[in-house]
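Count the sequence shown with UniProt numbering and you get residues 1 to 263, in order. Idealized CB from N, CA, C, for every residue including glycine. Keep in mind the model is a prediction, meaning the values are calculated, not measured. Report on the structure given below.
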Amino acid sequence: MSDDTPTPAVRLRDVRLDRGGRTVLDGIDFEAPRGGIVAVLGPSGSGKSTLLAALTGELPPAAGTVEVLGQVVPTRQRELLELRKHVGVLLQGNGLLTDLTAAENVALPLRTHARLPKPVLDRLVAMKLGAVGLHAAANLYPRELSGGMARRVALARALALDPPLMIYDEPLTGLDPIAAGVIMRLIARLNASLGMTSIIVSHHVHETLPISDRAIVIANGGIVFSGTPAELERSEDPLIRQFLAGSPDGPIRFDGALGAEAA
Ligand SMILES: Nc1ncnc2c1ncn2[C@@H]1O[C@H](COP(=O)(O)OP(=O)(O)OP(=O)(O)O)[C@@H](O)[C@H]1O
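And the structure:
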């Protein structure tokens, strides 16, 4: 590889991930090139959150290597915390602290990781809230925000340390279609304007694909598709067709909680 070829933001090589003594994913090879948006799609229980846990270092791989921002994800807590400063994560459910205002929530990572004079901190927080269009909501508490606004505050907080990599875990859960559209456009705009790489874990296929450069589909313990959104839409693989149609019948086994009850 020549020196001017940037390492991918994320690279998994022949990764196996186990949970609760069971292999959830195996033989995972995956790269997220820098600057792009990658959709990680798959039916419920397929292992999307498990893959995400490997990227954040919460779940070390049982086999293979997981690299994030050119570095093997460390297992030692100190090194892991250092890497996590560079990875913004928007969690399902936002994770906002209810007794803090929007601005105080956004300030949290800055207070934890950087010692900044108050005027600088205030200015950075205002910039982050401005980036998600919520400058005017700085002094509101989470209970005073709509679902879409709360998600945007959580996004501003995830962006606080200017991470080169953003991971979104089901960013549309619980949002109405209008708020969902706002969030997706925001993710695309932020990715382009801040020059980040974004990984969006979602089962909202039709909302996620339009802003994605690449997509992978996880099912039956592995990656069953990797390519562009256009290639995904054109795929004639019965498994992909079943997934895109959201049909319970077909080659995708629902062997998680659903399968156990249905059997
Ligand atoms: N902590 C855990 N211990 C044991 N098994 C787990 C654990 N977490 C997840 N699993 C199992 O791993 C499999 C994949 O779960 P995972 O949450 O990664 O799927 P998912 O694709 O994110 O699903 P969803 O879209 O419903 O969030 C499931 O069968 C689940 O029961």
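Straight-line Cα distance separating VAL132 from ALA230: Distance from the CA of ALA230 to the CA of VAL132, rounded to the nearest whole angstrom, comes to 29 Å.
Expressed to the nearest angstrom, what Euclidean distance is found between the alpha-carbon atoms of ASP26 and PRO109? Cα-Cα distance, rounded: 34 Å.
My guess is that residue 268 and ARG34 are in contact by the Cβ rule of under 8 Å, so how many angstroms apart are they, rounded? Since the first and last residues shown for the chain are 1 and 263, residue 268 lies out of range.
Output the boundary residues of the beta strand (DSSP E) element that contains LEU190. Where LEU190 is concerned, there is no enclosing beta strand (DSSP E), although the alpha helix (DSSP H) it sits in stretches over 177-194.
When burial is assigned at 16 or more other CB atoms within 10 Å of the CB, is ILE178 buried or exposed? With a 10 Å radius around the Cβ and a threshold of 16 neighbouring Cβ atoms, ILE178 comes out exposed.
Buried or exposed: where does ALA262 fall if 16 or more other Cβ atoms within 10 Å of its Cβ makes it buried? Below a pLDDT of 50, predicted positions are generally treated as unreliable, and ALA262, at 35, falls in that range; the measurement from the model is reported next regardless. With fewer than 16 other CB atoms across the displayed protein chains lying within 10 angstroms of its CB, ALA262 is exposed.
According to the neighbour-count rule (16 or more other Cβ atoms, all chains shown, within 10 Å of its Cβ), is ARG22 buried or exposed? By the neighbour-count rule (16 or more Cβ atoms within 10 Å), ARG22 is not buried but exposed.
In the DSSP output, what is GLN92 paired with across the bridge? Paired residue(s): none; GLN92 is not in a bridge.
In terms of DSSP beta bridges, what is LEU25 paired with? DSSP output for LEU25 lists LEU17 as bridge partner(s).
So what's SER226 in DSSP terms, helix, strand or just coil? Here SER226 sits in strand by DSSP.
Could you give the distance in angstroms between the alpha-carbon of ARG115 and the alpha-carbon of HIS86? Cα to Cα, ARG115 sits roughly 17 Å from HIS86.
Contact set, ligand 1 heavy atom to C-beta under 6 Å: Counting every residue whose Cβ lies closer than 6 Å to a heavy atom of ligand 1, we get ARG19, GLY20, VAL24, GLY42, SER44, GLY45, SER46, GLY47, LYS48, SER49, THR50, HIS203, GLY256.
Cβ neighbour criterion (16 or more within 10 Å) applied to residue 334: For residue 334 there is no data in the structure shown, the boundaries of the chain being 1 and 263.
From ARG151 to ALA103, what distance separates their C-alpha atoms? Taking C-alpha positions only, ARG151 is separated from ALA103 by approximately 14 Å.
Can you check which of these residues, LEU81, HIS135, THR75, is closest to THR101 by C-alpha distance? Minimum Cα-Cα distance from THR101 among the listed residues LEU81, HIS135, THR75 corresponds to HIS135.
Could you tell me the boundaries of the beta strand (DSSP E) in which ASP169 lies? Start and end: 165-169.
Cβ shell of SER46 (< 7 Å), same chain only, five flanking positions each side left out: Within the same chain, SER46 has close Cβ partners ILE218, ALA219.
CB VAL89 to CB ILE187, shorter than 7 Å? No, they are not a contact pair.
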